[in-house]
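Here's the structure we're looking at; comments come further down.
2 protein chains.
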Amino acid sequence: MQVRVLVRLKPGVLDPQGRAVHHALEGLGFEGVEDVRVGRLIELDLADGTDHDTIKAMCERLLANTVVESFTIEGAA
Amino acid sequence: MQVRVLVRLKPGVLDPQGRAVHHALEGLGFEGVEDVRVGRLIELDLADGTDHDTIKAMCERLLANTVVESFTIEGAA
Numbered sequence: 001m002q003v004r005v006l007v008r009l010k011p012g013v014l015d016p017q018g019r020a021v022h023h024a025l026e027g028l029g030f031e032g033v034e035d036v037r038v039g040r041l042i043e044l045d046l047a048d049g050t051d052h053d054t055i056k057a058m059c060e061r062l063l064a065n066t067v068v069e070s071f072t073i074e075g076a077a
Numbered sequence: 001m002q003v004r005v006l007v008r009l010k011p012g013v014l015d016p017q018g019r020a021v022h023h024a025l026e027g028l029g030f031e032g033v034e035d036v037r038v039g040r041l042i043e044l045d046l047a048d049g050t051d052h053d054t055i056k057a058m059c060e061r062l063l064a065n066t067v068v069e070s071f072t073i074e075g076a077a
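Chains as they are written, first to last, in UniProt numbering: chain A, 1 to 77; chain B, 1 to 77.
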């Protein structure tokens, strides 16, 4: 089974990478960019039947730093 | 409008970060992990009505290195 984990910085946490991308888009002439946030996309190919709690444990123990990051799990059974 | 861009390494391109995560998950005792790929999540807050071609141009010119990465745009009008 394919599972997608999205890891984002929590609101209020400074995102220098996002600011750099925002600035660069404006420098390239793109208008109307109001905000940019950069996070991680982690695609897991897991044994069928892996339960949501196991995936959540993977996120909490390794994939996300829950002090400053939040995560969402998509595509789990 | 909120747009989400997912940037992934193309199939066949070595993903050392994904391998490291895979190895670490096994080291933590998680079983049944078959593959892990790590990419980037870029969340854009754009002016309403920004068209798909503009967002595609942002990806091709800045957000993704299309030599080794592919991108998908989600949530665009």
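In this text, a Cβ means the ideal position worked out from N, Cα and C, and glycines have one as well.
For residue i and residue j, what's the separation of their Cα atoms in angstroms?
i	j	result
B/Val13	A/Val36	27 Å
B/Glu60	B/Leu25	33 Å
A/Asn65	B/Leu62	27 Å
A/Glu43	A/Gln2	7 Å
A/Thr72	A/Arg40	11 Å
B/Ile55	A/Val7	22 Å
A/Ala57	A/Gly29	42 Å
B/Pro11	B/Gly49	33 Å
With a cut-off of 8 Å, does the C-beta of residue i fall near any C-beta of chain B?
i	result
A/Thr66	no
A/Glu43	yes
A/Asp53	no
Step through the CB atoms of chain A and report whether any lies within less than 8 Å of the CB of residue i.
i	result
residue 150 of chain B	Here chain B comprises residues numbered 1 to 77, so residue 150 of chain B is not present and cannot be evaluated.
B/Gly32	yes
Under 6 Å Cβ to Cβ from residue i, same chain only, skipping five residues before and after it: list those, please.
i	result
B/Gly18	Val36, Arg37, Val38
Can you give me the Cβ contacts of residue i inside the same chain, cut-off strictly under 7 Å, excluding the 5 residues immediately before and after it?
i	result
B/Val5	Ile42, Leu44, Cys59, Leu63, Phe71, Ile73
A/Leu9	Asp15, Arg37, Gly39, Val68, Glu69
B/Leu46	Met1, Val3
Given residue i, which residues of its chain have a CB within under 8 Å of its CB, disregarding the five upstream and five downstream residues?
i	result
A/Val21	Val36, Val38
residue 97 of chain B	Nothing can be reported for residue 97 of chain B, as the shown portion of chain B is limited to 1 through 77.
Q) Quick one, which residues of the segment 19-30 of chain B are near chain A if we go by CB-CB under 8 Å, in chain order? A) Val21, Ala24, Leu25, Leu28, Phe30
Q: Would you list, in chain order, the members of the segment 2-15 of chain B that have their beta-carbon closer than 8 Å to a beta-carbon of chain A?
A: Leu6, Val7, Arg8
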